[in-house]
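Structure first, commentary second.
Residue numbers (my numbering): 4 to 232.
Written as structure tokens, this is what we have:
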């Protein structure tokens, strides 16, 4: 038991020293290669702690080796621009002046629902509240709001159509039928629901519509019987 405690303490001190040497970014917002290295260090540290038959020196040497590799990769990341893009990736601009960039979403294995969730987490509830939005290389979300964007989000928008399919749950919340929105799409010149990347509707009649590969547009409608939510 005493041996296990001593081995664990030695590994702990070694890991603490290595993490401090790696710098503050390693503790905060990690790049993909840093995340992989952190996982490897954690795994390598557990082996000598869990199995006393393995020489403690083996675990320490492995951790130090990972640290040296980390320093080499970090230098490449800082000094060689093409290598930086390969190792850390690059920001993905998912909303621009034309609306949602569906290609960038798919390239990052995301969909419209993920984007809207990120927007809400950042305090933006309408897709037309921001001029630009992007996912940084480390996965964090950033957005540039429009001037006086608060005026654009006076009511909570619901996603009616997401990537060519109606959201039946949100449709029920509006109290409106699918045929009603089919009629709106027809008025807007949309031939098929499958062509719609996203359609949102808020309680005051403002709709956000974007077809796949097209620029978004917003417009207002009057709901039947003065319905609001």
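Don't be surprised by glycine CBs; every beta carbon is placed ideally from N, CA and C.
For clarity, every value in this text was computed on a predicted model and none was experimentally measured.
Identify, in the order they occur along the chain, each residue of the same chain with its Cβ nearer than 7 Å to the Cβ of residue i, setting aside the five sequence neighbours on each side.
i	result
residue 94	137, 138, 139 and 140
residue 118	97, 103 and 108
residue 147	133, 134 and 135
residue 17	63 and 66
residue 207	157, 158 and 231
residue 173	161, 162 and 163
residue 105	200 and 215
residue 89	none
residue 123	none
Only counting the same chain, and skipping five residues up and downstream in sequence, which positions put a Cβ closer than 6 Å to that of residue i?
i	result
residue 1	Only positions 4 to 232 of the chain appear in the structure, and residue 1 is not among them; the question remains open.
residue 31	The pLDDT assigned to residue 31 is 46, lower than 50, so where the model puts this residue is not dependable; a value taken from the coordinates is nonetheless given after this. Result list for residue 31: empty, nothing under 6 Å.
I believe residue i touches residue j by the beta-carbon criterion, under 8 Å. Please report the beta-carbon distance rounded to the nearest angstrom.
i	j	result
residue 184	residue 160	That pair is no contact at about 14 Å.
residue 232	residue 177	6 Å
residue 57	residue 50	6 Å
Pull up the distance between the alpha-carbon of residue i and that of residue j, whole angstroms please.
i	j	result
residue 164	residue 201	5 Å
residue 145	residue 125	8 Å
residue 170	residue 70	48 Å
residue 198	residue 230	27 Å
residue 81	residue 74	11 Å
residue 214	residue 190	14 Å
residue 38	residue 72	13 Å
residue 175	residue 120	20 Å
residue 60	residue 46	15 Å
residue 131	residue 151	12 Å
residue 182	residue 188	10 Å
residue 113	residue 12	42 Å
residue 92	residue 83	13 Å
residue 42	residue 68	14 Å
residue 222	residue 99	19 Å
Would you say residue i and residue j are within 8 Å of each other, going by their C-beta atoms?
i	j	result
residue 224	residue 212	no
residue 44	residue 66	yes
residue 154	residue 134	no
residue 78	residue 116	no
residue 196	residue 216	no
Taking residue i as part of the beta strand (DSSP E), name the residues at either end of that continuous run.
i	result
residue 137	133 to 138
residue 185	First-last for residue 185: 181 to 190, but that is the alpha helix (DSSP H), not the beta strand (DSSP E).
residue 209	209 to 214
For the alpha helix (DSSP H) that residue i lies in, which residues bound it at each end?
i	result
residue 203	Unbroken run through residue 203 is the beta strand (DSSP E), 199 to 204; no alpha helix (DSSP H).
residue 104	Here residue 104 belongs to no alpha helix (DSSP H), and DSSP marks it neither H nor E.
residue 143	Looking at the DSSP string, residue 143 is not in any alpha helix (DSSP H), and its letter there is neither H nor E.
residue 79	59 to 82
residue 117	115 to 124
residue 176	171 to 177
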